[in-house]
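Chemist: Residue numbers (our numbering): 38 to 492. Backbone N, C-alpha and C define an ideal beta-carbon position, used for all residues, glycine too. Being a predicted model, the structure only gives us computed values, none of them experimental. Quick one: structure below, then a few questions.
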Ligand code: GLN
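Following this line, the structure appears as structure tokens:
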């Protein structure tokens, strides 16, 4: 993995063009299937600009890979779906505008679960992403391509998105750092929606400082996203004797727990650590899936093959046209979610499922708020296991269960980091660090203390 500091040293030693060309070559070979599109021409042109002395901006000369559900003007944005296989957005997402303004070199669009729906990147129309730590295993999902591009030295930084764990899960499985920001900190303008009330775009990298740097660039006011909080983010990590709560309900398998318990013991050197119980968490996972699927069924109604997306040559009748477009354009998991979401929202079942899930959501928020009266930060294992073998998760419910520790965070709109904390049989284990709303600097400060202490 390449940190920003290491990359800058390389830029000082030679030409940006050569350094970027080397990365692009690796990305194009696509050993792990991290990329759906490599933007070779654009990236090399930007590198040339840098060599010519155009070096303004916080990310000048630094390669960033962008998840393929984030709109890039003139560059195909597929959401890893056949539905959008040839869709070229006419505009940039807010975060992409910000990357460009700060001189970043965008090297490509990364592979993901179709529309972000998955935990392993196996639902991608463009094939599964392989974990650079073990190529027979998944890199996690849904931002699997962003994580494998970092872990496989194909980029320095990456953007992911997180609706129920999609930044943190692949970070945990590949041994990289990923941060899901507070809901509303980063504009979602130009992000293709899966479940609006849950998702955020966030930074992925190989060091804490790099997350801070990238978050500083992408966060901030944007009136085009009505849920944007209008706050900017200045990276100034807080370091102190933190009060840390270990969440009792967030567990993992035995081997992962051994690594996690060892982590907990070692941070006691510089933090006060105590267990805390959040009883409503036992209902959080089903509530998340009801809400996420309901929002998805509404969001994905727009793909009718008329305005954009997959379309057909022949037209027998309108009704047949729509159903054929959707039958061909969407994969199995996406269809399953549209059907279940429509069911949960339908008259007669709305109160029983959707409304009930919203009530659970309120309880989850209250539990977290109560915990933050006593603690600065909360921790847990990010994932209940290490990376799965490709094809290992045979049924959807088993896959959903893997999101048990990550989804409650999205229900509550909180910021959370996944950082590497050890290994089981050569496979990385991530620890999740959760903060109160807009307390990213505490999370990152704690992360730095951990990094330094080599916990
Ligand atoms: N695995 C979760 C889901 O499938 C989360 C995905 C995400 O965060 N985009 O909904």
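(1) Considering only heavy atoms of the ligand GLN, does any lie closer than 7 angstroms to the CB of residue 391?
(2) Answer yes or no: do residue 371 and residue 149 have a C-beta to C-beta separation smaller than 8 angstroms?
(3) Compute the minimum distance between the beta carbon of residue 377 and the heavy atoms of the ligand GLN, and state whether it is under 7 angstroms.
(4) Taking a contact to mean a Cβ-Cβ separation below 8 angstroms, would you say residue 10 touches residue 363 in this structure?
(5) Please report how far the alpha carbon of residue 376 lies from the alpha carbon of residue 427, in whole angstroms.
(6) Leaving out the 5 sequence neighbours to the left and right, which residues in its chain are closer than 6 angstroms to residue 98 when beta-carbon positions are compared?
(7) With a cut-off of 8 angstroms, do at least 3 Cβ pairs link the region 244–254 to the region 277–285?
(8) Could you give the residue range of the alpha helix (DSSP H) that holds residue 179?
(9) Entirely within the region 312–359 and at least 4 residues each: give me those alpha helix (DSSP H) ranges in chain order.
(10) Rank 235, 284, 190, 253 by C-alpha distance to the C-alpha of residue 264 and give the top, closest one.
(11) Report yes if the C-beta distance between residue 176 and residue 210 is below 8 angstroms; otherwise report no.
(12) Among the residues of its own chain, which have a CB less than 6 angstroms from the CB of residue 169, if the five just before and after it don't count?
(13) Anyone know if the C-beta pair for residue 423 and residue 213 falls short of 8 angstroms?
(14) Could you pull the start and end residues of the beta strand (DSSP E) that residue 416 belongs to?
(15) Since residue 449 and residue 401 are thought to touch, with beta carbons under 8 angstroms apart, how far apart are those beta carbons, to the nearest angstrom?
(16) Beta carbon of residue 51: closer than 7 angstroms to some heavy atom of the ligand GLN?
(17) Can you tell which of 105, 106, 125, 103 has its C-alpha closest to the C-alpha of residue 113?
(18) In chain order, what residues of the same chain have a beta carbon less than 6 angstroms from the beta carbon of residue 94, not counting five sequence neighbours either side?
(19) How far does the beta strand (DSSP E) with residue 453 in it extend, from its first residue to its last?
(20) Counting Cβ pairs, one atom from each stretch, are 3 or more of them under 8 angstroms apart for the region 120–134 and the region 251–264?
(21) Exposed or buried, what is residue 225 when buried is set at 16 or more other beta-carbons lying within 10 Å of its beta-carbon?
(22) Where DSSP assigns a beta bridge to residue 487, which residues make up the other side?
(23) Any chance the CB of residue 202 is under 7 angstroms from a heavy atom of the ligand GLN?
Modeler: Taking the coordinates as given:
(1) The nearest non-hydrogen atom of the ligand GLN is 7 angstroms or more from the C-beta of residue 391.
(2) Judged by their CB atoms, residue 371 and residue 149 are not nearer to each other than the 8 angstroms cut-off.
(3) Short note on residue 377: C-beta not closer than 7 angstroms to any heavy atom of the ligand GLN.
(4) The structure shown does not extend to residue 10, since the chain is modelled only from 38 to 492, so the question has no answer here.
(5) If I take the Cα positions, the gap works out to 26 angstroms.
(6) Cβ neighbours of residue 98 beyond the five flanking positions: 48, 53, 87.
(7) No, the region 244–254 is not in contact with the region 277–285.
(8) Per DSSP, residue 179 belongs to no alpha helix (DSSP H) and is neither H nor E.
(9) The qualifying runs are 321–336.
(10) Of all alpha-carbon atoms in 235, 284, 190, 253, the one lying nearest the alpha-carbon of residue 264 is that of 235.
(11) Cβ atoms of residue 176 and residue 210: closer than 8 angstroms.
(12) Scanning its chain for C-beta atoms nearer than 6 angstroms, with the 5 sequence neighbours on each side dropped, one finds around residue 169 the residues 69, 185, 188, 189, in chain order.
(13) Residue 213 sits away from residue 423, with the two beta carbons spaced by 8 angstroms or more.
(14) 414–418 is the extent of the beta strand (DSSP E) around residue 416.
(15) Confirmed, about 6 angstroms.
(16) In this structure, the C-beta of residue 51 stays at least 7 angstroms away from each heavy atom of the ligand GLN.
(17) Comparing Cα positions, the closest option is 125.
(18) For residue 94, the CB contacts under 6 angstroms within the same chain, skipping 5 residues up- and downstream, are 139, 140 in chain order.
(19) Taken as a continuous stretch (DSSP letters only), the beta strand (DSSP E) holding residue 453 covers 453–461.
(20) With a cut-off of 8 angstroms, the region 251–264 and the region 120–134 count as touching, because enough Cβ pairs lie within range.
(21) Under this definition residue 225 is a buried residue.
(22) Listed as beta-bridge partners of residue 487 by DSSP are no residues whatsoever.
(23) The ligand GLN has a heavy atom closer than 7 angstroms to the beta-carbon of residue 202.
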